[in-house]
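Notes follow once the structure below has been shown.
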Amino acid sequence: MNSTLSAAQADMIKQSFGLLSSQAAEIVDQFYDNLFKAAPGVRSMFPSDMTEQKRHLLSAIKLVVQNADRLHALEAPLNEMGARHVGYGAKPEHYPVVRDTLLATLAEIAGNAWTDEIQAAWTEALNLVAAAMLRGAEGQKRLAA
255 MNSTLSAAQA
265 DMIKQSFGLL
275 SSQAAEIVDQ
285 FYDNLFKAAP
295 GVRSMFPSDM
305 TEQKRHLLSA
315 IKLVVQNADR
325 LHALEAPLNE
335 MGARHVGYGA
345 KPEHYPVVRD
355 TLLATLAEIA
365 GNAWTDEIQA
375 AWTEALNLVA
385 AAMLRGAEGQ
395 KRLAA
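Those letters in the sequence shown? Residues 255 to 399, by the working numbering.
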């Protein structure tokens, strides 16, 4: 990864998710409800039974949180995830929608505990994650061409 989070940003991500972790199931349920409202066209990219998908999302979020102070260590797995998502039909324009929907969902569930600083830290982390995934997606597209 070309950039990293500051120590303060990494701490904010870890602490904020620590406060929300007891509501993890609600976060993923609400995220997908919000995503399918914001971008109904992506619904067909997902299975009708979302149980496994929700587990995957929660695992990915936890991985980012646990590695917030060393996101560069996730470059290879995020590249691979981005490459896989090409096969699911994910396009570069979907990434900001997913980011914004996840941010809105976290803010909604956190309520008054969600600050501008926490929002900025999560935004930066998710931008770094998306950039790594998009690099993987681009590599996959080049291989397929």
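Quick reminder that beta carbons are idealized off the backbone N, C-alpha and C, glycines included.
Beta-carbon spacing of residue i, residue j below 7 Å
| i | j | result |
| --- | --- | --- |
| T290 | T359 | Checking the sequence shown, residue 290 turns out to be Phe, not Thr. Contact: no. |
| M304 | G343 | no |
| L332 | A386 | yes |
| Q277 | A375 | no |
| A292 | V352 | no |
Reduced DSSP secondary structure (H/G/I, E/B, other) of residue i
| i | result |
| --- | --- |
| H300 | Strictly speaking, residue 300 in this sequence is Phe, with His absent from that position. Residue state, collapsed to three classes: coil. |
| S270 | helix |
| R369 | The sequence as given places Thr at residue 369; Arg does not occur at that position. Looking at T369 - three-state DSSP - the assignment turns out to be coil, as it is neither helix nor strand. |
| T355 | helix |
| T377 | helix |
| L259 | coil |
Alpha carbon of residue i to alpha carbon of residue j, nearest angstrom
| i | j | result |
| --- | --- | --- |
| H326 | A379 | 11 Å |
| S410 | K308 | Residue 410 lies beyond the residue range present for the chain, which begins at 255 and ends at 399; the question has no answer from this structure. |
| S260 | E334 | 25 Å |
Classification of residue i by the beta-carbon crowding that lies within 10 angstroms, buried from 16 upward
| i | result |
| --- | --- |
| Y349 | buried |
| G272 | exposed |
| T355 | buried |
| H339 | buried |
| L397 | exposed |
Span of the alpha helix (DSSP H) around residue i
| i | result |
| --- | --- |
| N333 | 329-342 |
| Q307 | 305-320 |
| R324 | No alpha helix (DSSP H) contains R324, which DSSP labels as neither H nor E. |
| E347 | E347 -> no alpha helix (DSSP H), and no H or E assigned at all. |
| Q284 | 278-292 |
beta-carbon residue i near the ligand ZN non-hydrogen atom, thresh 6 Å
| i | result |
| --- | --- |
| A327 | For the structure depicted, the ligand ZN is absent and the ligand set is empty, with no information on it obtainable. |
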